[in-house]
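Residue numbers (full-length UniProt numbering): 1 to 249. Glycine included, C-beta positions come from ideal geometry on N, C-alpha and C. Since the structure is predicted, the reported quantities are computational estimates derived from the model, not experimental observations.
Below is the structure:
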């Protein structure tokens with residue numbers, strides 16, 4: 001693994017990659033939906049127990065938690081399989097080691113989605129401020145960190161599927177099935193160890209913090225879940241690299 005080579009792969013994908021327009025479109029669409037929901041938040045008052053105090057950050061956070069994985073699916077499922085299907089992967093790995101290639105692909109997607117969730121976080125707090133509330137820098141940072149890491153978990157998952165797939169059709173089908181399994185595991189409230197394997201478990205655990213000011217006990221919960229998602233990403237990416245290194249191309 002070479003940091004400079006990872007940067008080169010990510011930078012090349014962002015600036016010159018054919019896939020970058022596709023990723024920018026869907027990531028921007030997700031950001032637009034979040035901002036639109038905040039703008040028309042009064043129409044969503046029936047979703048909350050306190051309609052008189054609509055939490056802008058909470059609205060956009062829940063949108064990212066619920067529909068964000070689907071946007072990641074359509075942008076990440078072919079991150080590696082497309083190169084395999086087109087036959088370009090052999091040329092690329094002759095110039096760059098496999099670990100740097102996989103991590104560069106991950107960073108490409110993660111940077112774009114992290115950038116746009118940061119914009120959503122800023123817009124949310126600006127809306128909050130213009131509505132007569134205090135600009136909460138702390139909540140903005142928490143929103144950005146959790147949203148970025150949450151989406152990063154799914155990027156690493158779908159990258160793994162893409163590595164295993166020989167073409168884009170298989171990659172998309174397997175990614176959709178895996179997303180369904182992840183949602184099923186998360187919904188199995190009585191089987192805790194299955195929920196620990198799913199990113200939504202850690203993100204939904206702090207969703208109330210996005211609605212209210214965090215108390216003393218909330219900070220421990222926030223740090224614990226942030227760390228858990230970071231470990232999840234590192235562990236999944238380690239598996240991604242190991243599998244890609246062993247794959248016969």
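Check, Outcome
"For residue 207, does the three-state DSSP call read helix, strand or coil?", "helix"
"Can you tell me the Cα-Cα spacing of residue 35 and residue 91, whole angstroms?", "41 angstroms"
"Answer with buried or exposed for residue 138, where buried requires no fewer than 16 other C-beta atoms within 10 angstroms of its C-beta.", "exposed"
"Please report the distance separating the alpha-carbon of residue 238 from that of residue 130.", "44 angstroms"
"Take residue 105 and list the residues in its own chain whose beta-carbon comes closer than 6 angstroms to its own, dropping the five residues that flank it on each side.", "79"
"Once DSSP output is grouped into helix, strand and coil, what is the label at residue 173?", "helix"
"Quick one: residues in its chain with C-beta nearer than 6 angstroms to the C-beta of residue 150, no 5 flanking neighbours on either side, listed in chain order?", "199 and 203"
"With residue 75 and residue 109 assumed to form a contact (beta carbons below 8 angstroms), what rounded beta-carbon distance in angstroms separates them?", "6 angstroms"
"What's the call for residue 210, buried or exposed, on a 16-neighbour Cβ count within 10 Å?", "buried"
"Kindly indicate which three-state DSSP category residue 2 falls into: helix, strand or coil?", "coil"
"Extract the residue ranges of the alpha helix (DSSP H) inside the region 66 to 124, only unbroken runs of 4 or more that lie entirely within it.", "81 to 86 and 89 to 95"
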